[in-house]
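Residue numbers (the working numbering): 58 to 316. Positions of the beta carbon are idealized from the N, C-alpha and C atoms, including for glycine. This report concerns only the one structure given below.
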């Protein structure tokens, strides 16, 4: 790979230099196989390397497979001390041993980064995405059409996952809104309940006051009625006595006249 990268950069020795850079600011290691990094320029200005940087020493254009690989898996770019580095995906065919090593490396990365085996796990999703990209790279080298078809499958899968993620986020937001509305409605209902309880206490106090007034009125009326009945009874008794006395006097006046 180093010799191949050196051949690509021989005609651009003034612009491109193939060396091992300080990887402290480089992207994290990926499960996708890349060629050694290429120094594009040494200026502070960031610019994407020209297509000619992938040409061989003989000046021929890059192969169609490499173009497809670069379109499927774009080169990685980063800066280190103002220098722009580019790393192209490898176009070397993969052997059966490479696939076995990829599987072992995937298991190792999953264990090292403590990826969850079930449920939603961004780490596991990232590692399996890198593995799928590496498989696309390996298939594309042998059959570009099959690689492009796998690319469509990958993009459709990512779009479906993104749609589910958007749906999940919108459902979470909807649930939060409903929870806030319910909490606010609960607070309003509790305030309304307290108001009704206060009104209930006021009504109960008013009822007690009215009952006390009613009892006082009934007692007063009962006493007045008893007094009236007593007076009435005394008047009747007086009238009866008077009537009896008058009757006797009348009988006394009438008795001599009969003799």
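Going along the chain, which residues of its own chain have a beta-carbon closer than 6 Å to the beta-carbon of residue 101, five neighbours each way excluded?
Caution is warranted here: a pLDDT of 43 is assigned to residue 101, below 50, making its placement in the model unreliable, and no coordinate value can be reported.
Kindly indicate which three-state DSSP category residue 152 falls into: helix, strand or coil?
coil
At the level of alpha carbons, what is the spacing between residue 200 and residue 186?
20 Å
Could you check whether residue 150 and residue 198 sit closer than 8 Å to each other, using their CB atoms as the reference points?
yes
Measuring straight from C-alpha to C-alpha, what distance separates residue 222 and residue 167?
So the two alpha carbons sit approximately 22 Å from each other.
Write down every uninterrupted run of the alpha helix (DSSP H) in the region 223 to 261 whose length is 4 residues or greater and which is fully enclosed by it, in chain order.
If you keep only unbroken alpha helix (DSSP H) runs of at least 4 residues inside the region 223 to 261, you get nothing at all.
Give the single residue among 236, 250, 159 and 280 whose Cα lies nearest to the Cα of residue 195.
The residue with the shortest Cα to Cα distance from residue 195 is 159.
Verify the CB distance criterion: does residue 275 have a CB-CB separation below 8 Å to chain B?
The displayed structure is made up of one protein chain only, and chain B is not part of it.
State yes or no: is the C-beta of residue 170 within less than 8 Å of the C-beta of residue 180?
In this structure, residue 180 lies closer than 8 Å to residue 170 by Cβ.
Taking buried to mean at least 16 other C-beta atoms within 10 Å of its own C-beta, is residue 121 buried or exposed?
exposed
I need the straight-line Cα distance from residue 126 to residue 193, nearest angstrom please.
So the two alpha carbons sit approximately 9 Å from each other.
Extract the residue ranges of the beta strand (DSSP E) inside the region 118 to 197, only unbroken runs of 3 or more that lie entirely within it.
133 to 137 and 140 to 144
Suppose contacts are defined by Cβ-Cβ distances below 8 Å. Is residue 163 in contact with residue 88 by that definition?
yes
Would you identify the three-state DSSP class for residue 95, choosing helix, strand or coil?
strand
Compare the Cα-Cα distances from residue 143 to each of 123, 91 and 232 and report the closest residue.
91
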